[in-house]
Amino acid sequence: DPKVYIETVIDIHKKFLKLVQESFNGEQGFTAALDKACGKFINNNVVTQTAGSTTKSPELLARYCDALLRKGSKAVEETDLEEKFNQIMIVFNYIEDKDVFQKFYGKMLAKRLVGQLSASDDYEESMISKLKVNIFISI
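Residues in the sequence shown are numbered from 4 upward in steps of one, following the working numbering.
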């Protein structure tokens, strides 16, 4: 389930980020170690190993985005959705196979738009803007 997977990854990141910030005053070395560990964890974990592929995390992230952006999504409140988009960007930054995410996301976006299944054009634009900024930063 993409929702369970991504929200678990986000919760783990939040927990350890809070630990680094509170216990080590956000010291750069500890923050860098956390970033490195998160990158390894997100790209290589039980789920990716079971699937036999490092492309599982980007696929699940794209499916999670699709679920949030579809009509009838339970995360309807705009403030909640923007916060979820920001959390998605945190996970996205750690993903090694961004091109795999882009492929899955693009297909799902096209299906939402063609089938008029999108919850809101504004939400779609917001998500795409965040992706553009993050892709540019990671180049």
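The beta-carbon is built from N, C-alpha and C at its ideal position, and this holds for glycine as well.
Classification of Ala65 by the beta-carbon crowding that lies within 10 angstroms, buried from 16 upward: buried
Own chain, CB closer than 7 Å to Tyr8, minus 5 neighbours either side, in chain order: Val50 and Leu63
Cβ shell of Met130 (< 6 Å), same chain only, five flanking positions each side left out: Phe88
Cutoff 7 Å; reference Lys133; Cβ partners in own chain excluding five residues on either side: Phe88 and Met92
Anticipated Cβ contact below 8 Å, Ile138 with Val94, distance rounded: With a Cβ gap of about 14 Å, Ile138 and Val94 do not count as contacting.
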